[in-house]
């Protein structure tokens, strides 16, 4: 009589996904080495074509002692051999073999294996269902106990309980975790970018003493109004096609908000957005007679209520009330310009590496967010009474288009950046701009 306890059908595919995602799957079992090796080959932990030391010796018809262990990509280690290994030898084995199976292991040896993996700098997740797995589950960075077949002791020692006892569910969890982390980064990147066009008007207002380009009320309309739905919509973005082909992130250096994200949001995209806002601001003032050169140092006279004789570039005199109307119109136009360039910012934030054309526009909430922020901006500009309530004035249709070239520039710039990252992985552009 013979019996077999076959692995689940989804396991080989799950192991393959782990390998492509840079996750090393190590089999640790109490079974006989021959049984363990056969199962490992069946589920893909030992890939087809990868040989152990024993396989090489058999193929070359030479003694095991004559085979260099480094020539074998796969390795099957008996618990009895592990008992006599030094920590340095175990670390070397874990580093130099991509596919490893430990057989006939005791609870203490499972713990030693986990500690060895951690010494090499790996983040270690351990699955187990028995009492003898509890020390390893407790020591691991992430202990995963089986919810159906697992013992109470293993469940108490674990950090997480797998309800369906399916290894493939762990891989699905890894993919979902990467997606959540990705989308949080995208949402933060989108939200931070508009800070530069919001702050820079005040800096220029102080440094160059020009009329204020953007008011505090309009900033609140951006942060609490037009940016809200688009930022939330990025949480519903689907995974990029390469999400399970990336190497695991380093928790020490790849934070949720890192220096590259700040550089992209503030130093690159944010600067283009600020230029778009100022361009619109200067266009409107120039159309009303104030060329950029005449604005420098004009702030004190501009804000003087008693001064009704401020002259523009053509010698026309402007009263205080007239100046304030054009100033608040500039506030509204700067606000509208930020909305227009945020269109492109939202679209480029859909992906971190892939082209937007590869990702597609399947996120309906994001599409709704684009229309919602535009509709809200138009409402605040054209709704009767807004000139009194929020000091926001109607804009000429042509003024909405002043920032459009900069919006297109942002999109083209980021698509080229992502193309270089895909064509030259690990290159300077990826190292300095991939967040």
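In my numbering, the protein residues as written are 2 to 436. Where is the CB? At the ideal position from N, CA and C, for every residue including glycine.
When C-alpha distances from residue 327 are compared across 371, 282, 29 and 302, the shortest belongs to 282. When DSSP reads this structure, residue 319 sits in a beta bridge with 311. The continuous alpha helix (DSSP H) containing residue 200 extends over residues 196-208. Ranked by Cα distance from residue 210, the first of 302, 171, 298 and 418 is 298.
DSSP, read as helix, strand or coil, puts residue 79 in strand. Following the DSSP letters along the chain, one finds residue 89 inside the alpha helix (DSSP H) bounded by residues 88-97.
In this structure, 24 is the residue among 17, 24 and 387 with its C-alpha nearest to the C-alpha of residue 123. In summary, residue 145 is buried, with 16 or more beta-carbon neighbours lying within 10 Å of its beta-carbon over all protein chains present. Under DSSP, residue 100 takes part in a beta bridge, and its partners are 75. Going by beta carbons, residue 415 and residue 349 fall inside the 7 Å limit. With a cutoff of 7 Å on beta-carbon distance, residue 230 and residue 390 are scored as not near each other. Within the DSSP secondary-structure output, residue 378 pairs in no beta bridge. Boundaries of the beta strand (DSSP E) around residue 163: 161-163. Judged by DSSP in its simplified three-state form, residue 147 adopts strand.
Contact between residue 28 and residue 125 is absent: CB atoms are separated by about 14 Å, not below the 8 Å threshold. A straight-line Cα-Cα distance of about 13 Å links residue 392 and residue 213.
Ranked by how close their Cα comes to the Cα of residue 394, the residues 383, 400 and 402 have 383 in first place. For residue 127, the pairing in a beta bridge is given by DSSP as 144.
A direct Cα-Cα distance of roughly 20 Å separates residue 154 from residue 113. Listed in chain order, the non-local C-beta contacts of residue 344 below 7 Å within the same chain comprise 371 and 408, local neighbours out to five positions each way being set aside. Setting aside the 5 residues that flank it on each side, residue 294 has no residue in the same chain whose C-beta is closer than 7 Å to its C-beta.
Note on the region 213-246: whole alpha helix (DSSP H) runs with a minimum of 4 residues are 217-222 and 229-234, in chain order. Annotated three-state conformation of residue 28 is strand, per DSSP. Rounded to the nearest whole angstrom, the C-alpha separation of residue 223 and residue 336 is 7 Å. The beta-carbon separation of residue 11 and residue 169, rounded to 4 Å, stays under the 8 Å limit for a contact. For residue 305, the secondary structure class from DSSP, reduced to helix, strand or coil, is coil. By a beta-carbon distance limit of 8 Å, residue 137 does not contact residue 37. Their separation comes to about 16 Å. Scanning 56, 355, 111 and 242 for the CA closest to the CA of residue 421 turns up 355.
Following the DSSP letters along the chain, one finds residue 280 inside the alpha helix (DSSP H) bounded by residues 271-288.
Taking a contact as a CB-CB distance under 8 Å, the pair residue 300 and residue 311 does not count as one, their CB atoms being some 11 Å apart. A straight-line Cα-Cα distance of about 11 Å links residue 74 and residue 96.
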